[in-house]
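Basically the working numbering = 1-based index in the sequence shown + 26. Here is the structure we will look at, set down as structure tokens.
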Amino acid sequence: MQPESKIYVAGHRGLVGSALIRALEARGHRDVIRRTSAELDLTDQAAVKEFFASQRPEYVFLAAAKVGGILANNSFPAQFIHINLAIQTNVIHEAWRQGVRRLLFLGSSCIYPRDCPQPMREEYLLTGPLEPTNRPYALAKIAGIEMCWAYNREYGTRSLAVMPTNLYGPNDNYDLTGSHVIPAMIRKFHAAKASGAPQVTLWGTGAPRREFLHVDDLARACVFLMDLPEAGYADFLKTDMAPLLNIGSGEDQTVRELAQMVCAVVGFEGEIVWDTDKPDGTPRKLLDISRIRDLGWRPRLGLREGLEMTYQDFLRRHA
27 MQPESKIYVA GHRGLVGSAL IRALEARGHR DVIRRTSAEL DLTDQAAVKE FFASQRPEYV
87 FLAAAKVGGI LANNSFPAQF IHINLAIQTN VIHEAWRQGV RRLLFLGSSC IYPRDCPQPM
147 REEYLLTGPL EPTNRPYALA KIAGIEMCWA YNREYGTRSL AVMPTNLYGP NDNYDLTGSH
207 VIPAMIRKFH AAKASGAPQV TLWGTGAPRR EFLHVDDLAR ACVFLMDLPE AGYADFLKTD
267 MAPLLNIGSG EDQTVRELAQ MVCAVVGFEG EIVWDTDKPD GTPRKLLDIS RIRDLGWRPR
327 LGLREGLEMT YQDFLRRHA
């Protein structure tokens, strides 16, 4: 990508999209197209067709999606599969019709089987049953990967699907009905600290292991991949395998260990109670990131440092 390249970031107000904007601006990109959902409904096929025909972006980062934690996935399974299928179908199809040079599709590590061997390698896709609590969302993301692969094979598009691990960072969603684990913990511990509550209740047993990546590290990885020389980028577009690449930190910890770290960052000194009647989700989710490491990419932010930065962002935005 050149500084003057026309780049469209779908979902630029979200956690990932806003990080992509920061990363692109830091690299000096001057022509970054953004549309709010009010300005462009990506589930509307006709609207997406008109947008691509008029704007003609050269590069597309598809970060727009309906996302959420276990509670949201359990509560709105139809919305999760319908909205995500509609968005990615419209964007990927119109990107092909208008000759987009490269498209990067953001997926999720929940595409891998629930009881997947650890760490999870790209070739483990579709080798076993999915985690039931987020299966509709996972199936939508799997369909997006398959669509990128199919369009690459049939139409010669150059779409790459990246599977991030669990993300956190600035501009996250702190609504407890739809948030992921880190923002939910930050909000709960902060509220308890502010009110003087003696304890905070968290879902599950705390035993599952999870990997986390600061969203700014993910954004740098995505821009790094879109900037690869042609030969390096083409290595991920071979027709005999899905154009799929994991992005993570390469380290994990238990949810209980994570809770203790967030508790310390927030400064809550009360008790943590675990509601074991609530689901744990997948026992372990650790990505094998050897393929992107082999290209020379490394995350910059450790978990403790990233949590401290994220809590300061929460205080600025919400406290």
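Ideal Cβ placement from N, Cα and C applies to all residues, glycine included.
Quick check: the segment 256–272 against the segment 171–181, are there 3 or more CB pairs under 8 Å?
Cβ pair count under 8 Å is three or more, so yes.
Please confirm whether A36 and A90 have their CB atoms less than 8 Å apart.
yes
What ranges does the alpha helix (DSSP H) occupy inside the segment 220–263, keeping only unbroken runs of at least 4 residues that lie completely in it?
241–252 and 256–260
Quick check on K178: does DSSP put it in helix, strand or coil?
Per the sequence shown, the amino acid found at residue 178 is Asn instead of Lys. Three-state DSSP puts N178 in a helix.
From this set, L254, L329, R310 and A345, which residue's C-alpha is nearest W412's C-alpha?
The first residue shown for the chain is 27 and the last is 345, placing residue 412 beyond what the model contains.
Can you give me the C-alpha to C-alpha distance between V249 and R56, rounded to a whole angstrom?
14 Å
Just to confirm, is the Cβ distance from V226 to F294 under 8 Å?
yes
Taking the straight line between their C-alpha atoms, what separation do you get for T99 and F340?
Here the sequence assigns Asn to residue 99, which means Thr is not the residue at that position. Looking at the two C-alpha atoms, the distance is approximately 24 Å.
Please go through the segment 40–79 and give each complete alpha helix (DSSP H) segment of 4 or more residues, from N-terminal end onward.
41–52
Hey, L132 and F238 are a contact pair by Cβ (cut 8 Å); roughly how many whole angstroms apart?
That belief does not hold up - the Cβ atoms of L132 and F238 are roughly 16 Å apart, past 8 Å.
Got a sec? Which residues, its chain only, sit under 8 Å from L66 by beta carbon, not counting five neighbours each side?
A73, V74 and F77
At which residues does the alpha helix (DSSP H) containing Q105 begin and terminate?
P103 to R123
Give me, in chain order, the residues of the same chain whose beta-carbon lies closer than 7 Å to that of P29; leave out the 5 immediate sequence neighbours on both sides.
G54, H55 and R56
Using the beta-carbon count (16 or more within 10 Å), is Y34 buried or exposed?
buried
Rounded straight-line distance, which links the Cα of G276 to that of S63:
Cα to Cα, the separation comes out at about 34 Å.
Quick one: what does DSSP say F294 is sitting in, helix, strand or coil?
coil
To which residues of the same chain is R326 closer than 7 Å at the C-beta, ignoring the five residues directly before and after it?
Correct list, in chain order: D243.
Selection from R246, K32, A345 and Y138 that minimises the alpha carbon distance to P162
Y138
Please confirm if the segment 108–116 is in contact with the segment 136–156, defined as three or more CB-CB distances below 8 Å between the two stretches.
no
Using three-state DSSP, classify M126 as helix, strand or coil.
Checking the sequence shown, residue 126 turns out to be Val, not Met. Coil.
Taking the straight line between their C-alpha atoms, what separation do you get for P234 and L68?
35 Å
DSSP puts D301 in a beta bridge; with which residues?
D301 is bridged to W229.
In three-state terms, what does DSSP make of L315?
According to the sequence shown, residue 315 is Ile rather than Leu. If DSSP states are grouped into helix, strand and coil, I315 belongs with coil.
Which residues does DSSP pair with L270 in a beta bridge?
A187
Which of helix, strand or coil does DSSP assign to A90?
coil
Is the separation between the beta-carbon of L41 and that of V292 shorter than 8 Å?
no
Reduced DSSP secondary structure (H/G/I, E/B, other) of Q81
If DSSP states are grouped into helix, strand and coil, Q81 belongs with the helices.
Distance CB(R123)-CB(E84) smaller than 8 Å:
no
If I follow the unbroken beta strand (DSSP E) through Y194, where does it start and stop?
N192 to Y194
I'd like to know whether the C-beta atoms of S185 and I118 end up nearer to each other than 8 Å.
I118 is positioned such that its CB atom lies closer than 8 Å to that of S185.
Roughly how many angstroms separate the alpha carbons of S221 and G95, rounded to a whole number?
25 Å
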